[in-house]
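If you read the sequences in order, they're chains A and B.
Reading the first sequence from the start, the letters are residues 1467 to 1885 in our numbering.
Reading the second sequence from the start, the letters are residues 1467 to 1885 in our numbering.
Number of protein chains: 2
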Amino acid sequence: MGDYRKLWSNLNMNLEKHDVLCAVLPEIYSKVYLSQNDRPEGMNYFNFVVSEVHGLRIEELDNHKKQGGKVIGTFCVYVPDEVILAAGAIGVGLCGGSQFWIEDGEKVLPRNLCPLIKAFVGAKVSATCPYFQSCDMLVGETTCDGKKKAWEILNDYTPVHVMELPQMKREKNIEDWKMEIKEFISRIEELTGNKITFEKLKETVILCNDKRKALKRLYELRKNIPSPISGLDSLLISQIAFYDDPQRFIQKVNELCDELDERLKSLQPNGKKRILITGTPMAIPNWKMHSIIESLNAEIVVEETCTGTRYFENFVEENANDMDELIENIARRYMKVNCACFTPNAGRIEDIIKYVKEYKADGVIYYNLSFCQTYSVEYKKVEEALNKENIPVMFIETDYSEEDSGQIKTRVEAFIEMI
Amino acid sequence: MGDYRKLWSNLNMNLEKHDVLCAVLPEIYSKVYLSQNDRPEGMNYFNFVVSEVHGLRIEELDNHKKQGGKVIGTFCVYVPDEVILAAGAIGVGLCGGSQFWIEDGEKVLPRNLCPLIKAFVGAKVSATCPYFQSCDMLVGETTCDGKKKAWEILNDYTPVHVMELPQMKREKNIEDWKMEIKEFISRIEELTGNKITFEKLKETVILCNDKRKALKRLYELRKNIPSPISGLDSLLISQIAFYDDPQRFIQKVNELCDELDERLKSLQPNGKKRILITGTPMAIPNWKMHSIIESLNAEIVVEETCTGTRYFENFVEENANDMDELIENIARRYMKVNCACFTPNAGRIEDIIKYVKEYKADGVIYYNLSFCQTYSVEYKKVEEALNKENIPVMFIETDYSEEDSGQIKTRVEAFIEMI
């Protein structure tokens, strides 16, 4: 990485602590990613993005801010990117995926809490995440208990605008979400000094749909037997989607897909078991499950998670006569995301079964971040439905540490041999 | 207890398993309650209620049902009792407080979950709770993650009507809760076949306010130094409030308060430290914390919990011109309850400090049921506020088992000596 110390210093970062984090990442990335065989050329761009993860993109954010632009931190796929972009702001996903931040998170949060939440709060408390440091405003949401209350702690550091996500999906709830989006629009107009016009919002709706289409195109390719791209690489792309420049990202993903289209012609069977992962999100650089599973005789062909299909499935209806209709279209699209924080959540079960069939998965691994209660309680119904369809499933609850990696590997190996 | 086997059998209970539960309770009650010295005569009624906990009251519910009446199970102080009573139904609080039910709860729920939730689900799964068995409908709410998703499991056993409690307290949220109450009214009218009239609802608003006044009168007496009634006894009364006949309960609590008024004249200082407990609810027969604390040189003078002040503080405004206004009054009163499932929840911190001063508490014990995330994350802000006021506070996270009782006793003893 180039010399960004001055940039990081201006962001009031703890440089000493940050150095420790920076030292570790290239090693892990090399071990997990660069050790893979026969990676598509198109992954070079994403290798580069990771190598510059706290560098070039941060510089871009800094230039944006120097020109008066604002940076908005988000933590959830329900928050409409369209609105952020239409206000001329840059949105960055701040969910944390590293064990490095847990200790600092536990200074202000209870230990018995989701590691993703402890990590992002820890990233802020330790002042070692330049994305966090670059944000003018954070956008939280009332999704799970942990996040809902974590905003109250984070608000002491940076102002948090909390959107009240409904907990059910009745028609009145879609109306409620539409109102929340309108309020979010007002808030972001106030912050940026820019009015969100109907024209501008139509543009960003199309841009975000184009990003969804690019990811959908990538995932469709994984339906092939075997997949022309590893689950690890696909996960990385899905993680980078949360903070890279949208236009550039769309271009690079499509270039990669062009290359993968070519690869299809010469694919050879590889005898690997095909796995669908479902459950809680995997924030960068959480590659734990994918690296364990793909070190065995298996490939992950799809993720029914926020860092998977939930991010891009369903497009916003682009036809609208006016602002109100367009906002409703946005609300309706986002309310289709099937997260377990909603009750009931039968749609998710239908999605899992559909994806198992479309992606020809041999088995399902249910990935539950430690202490995530919405997903862990929901497991029973998912398991029942999969049993009915004779789809093998195993449940794994885990955090970011390496303590249980050996145990997980043994269990997954047994599962893979059985399916 | 009298012979209720036929009654229990008709309720499709697991008699064998229930016998085990019945055998244990009198012993525990004797050890915890009857060992207390100098209890008010008025507690005899509540002793009797406990001795008949699965008997007489169940018989009353049975008679009510034989006359075509309905029984509604509830799990939260946000659910308006006024509505249940106005429909001619009987409401019973079903939150579970016994370790006995945990094992059965864990058959369908994850282990890392609040014991109160595991207990009530276990009570249903094991068919050993005659209150559960007597219910025609259950009313759930979107409060915490665990409960929100538990209704989906419980619905397989008995129909659950879920009310969507808001997560914030803006004016629009009060409107939302008003709508939810209206929907609840429709649902319960449908179930009971009774129309809830303006006159009837006014009556039950007054009745429920009278119950609140009786409890408030009791708690006011605890402000005396020393309190004329133990925390254990006061807790028991608060627990029984959830399922006893309202009119009888009001009468018996007022009779007890008359006796306590007399007692005040001859109260002698007892040198005990005065404790405020704040946090998560204590469902019957969860007497763990109170029995530990009051076995030491301390008395619990007030509980800022759902089985404490949150149950009765604030009355419903009785003046209303029409049904719509009355429902709004009900919505407004309930939305004042300061549970940690709301964000923000600054009102609770103000309440705790206010009660410490009014009840002249020497210290605060923060009681957090295991895995309850809303309350555990909120602790940090409560602790900060109490530190500012120089009010000593200690945090205890625990479940229903006796494994940590010794440890808790040691910690509390040290706390009491220090304050």
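No residue lacks a Cβ here, since even glycine has one placed at the ideal position from N, Cα and C.
Predicted, not measured: the structure shown is a model, and the values here were computed from it.
The beta carbon of P1581(A) does not come within 9 Å of any beta carbon belonging to chain B, so the residue lies off that interface. Taking C-beta atoms as the reference points, S1600(B) and I1524(B) count as a pair closer than 9 Å.
Three or more pairs of CB atoms, one per stretch, sit closer than 8 Å, so the region 1793 to 1800 of chain B contacts the region 1633 to 1653 of chain B. A residue is called buried once 16 or more other Cβ atoms fall within 10 Å of its Cβ, and R1471(B), having fewer, is exposed.
Around V1574(B), the beta-carbon contacts reaching into chain A at under 7 Å are K1846. Counting only Cβ-Cβ distances below 7 Å, P1810(B) has contacts in chain A at E1618, in chain order. Within the region 1733 to 1749 of chain B, contact with chain A at the beta-carbon level (separation under 8 Å) is assigned to no residue. Contact of G1612(A) with chain B is assigned, a C-beta pair being separated by under 9 Å.
Under the Cβ criterion of 9 Å, A1585(B) is not counted among the residues facing chain A. Excluding its 5 nearest sequence neighbours in each direction, I1568(B) has C-beta neighbours in its own chain below 7 Å: P1581, K1584, A1585, G1588, Y1866, listed in chain order. Per DSSP, the continuous beta strand (DSSP E) segment holding N1834(A) begins and ends at 1829 to 1835. When the five nearest sequence neighbours on each side are left out, the beta carbons in the same chain lying within less than 6 Å of the beta carbon of L1575(B) are those of K1584, V1587, in order along the chain.
Taking a C-beta distance under 9 Å as the contact criterion, E1765(B) and G1697(B) qualify as a contact pair. Three or more pairs of CB atoms, one per stretch, sit closer than 8 Å, so the region 1803 to 1815 of chain A contacts the region 1625 to 1637 of chain A. I1862(A): member of the beta strand (DSSP E) spanning 1859 to 1864, first to last residue. Identification of chain B residues near M1634(A) by a Cβ-Cβ cut-off of 7 Å yields E1630, ordered along the chain.
The alpha-carbon of H1756(A) is positioned some 27 Å away from that of K1590(A). Here L1733(B) carries a coil assignment [DSSP, helix/strand/coil]. The alpha-carbon separation between L1657(A) and D1602(A) amounts to approximately 8 Å.
Closest in alpha carbon position to T1670(A), among F1781(A), Y1597(A), C1772(A), is F1781(A).
Taking all protein chains shown into account, I1703(B) has 16 or more neighbouring C-beta atoms within 10 Å of its C-beta and is therefore buried. In the displayed model, K1661(B) falls within coil according to three-state DSSP, outside both helix and strand. In the three-state reduction of the DSSP assignment, A1489(A) falls in the helix class.
E1849(A) is the residue among Y1777(A), I1831(A), E1849(A), E1784(A) whose C-alpha sits nearest the C-alpha of A1812(A). DSSP places H1627(A) in the strand class (E or B) of the three-state scheme. Distance from T1840(A) to D1611(B) at the Cβ level is roughly 5 Å; contact confirmed, criterion being Cβ atoms closer than 8 Å. Contact between the region 1761 to 1779 of chain A and the region 1652 to 1667 of chain A is absent: fewer than 3 CB-CB pairs across the two stretches fall below 8 Å. In this model, Q1717(A) and S1652(B) are separated by some 54 Å (Cα to Cα).
Here the C-alpha atom of L1835(A) lies approximately 27 Å from the C-alpha atom of E1869(B). Using a CB distance below 7 Å, the part of the region 1823 to 1848 of chain B facing chain A consists of F1837, Q1839, T1840, S1842, V1843, E1844, K1846, K1847, ordered along the chain. Interface with chain B (9 Å Cβ-Cβ cutoff): C1561(A) is excluded. Under the three-pair Cβ rule at 8 Å, the region 1739 to 1746 of chain A counts as touching the region 1817 to 1826 of chain A.
Listed along the chain, the chain B residues whose CB falls inside 8 Å of the CB of K1615(A) are A1806, T1809, Q1839, T1840, V1843, E1844.
Annotation for A1797(A): the continuous alpha helix (DSSP H) segment containing it runs 1789 to 1800. At a cut-off of 9 Å between beta carbons, M1645(B) contacts chain A. Under a criterion of Cβ atoms nearer than 7 Å, no residue of chain A is adjacent to N1853(B); the nearest Cβ is some 14 Å distant.
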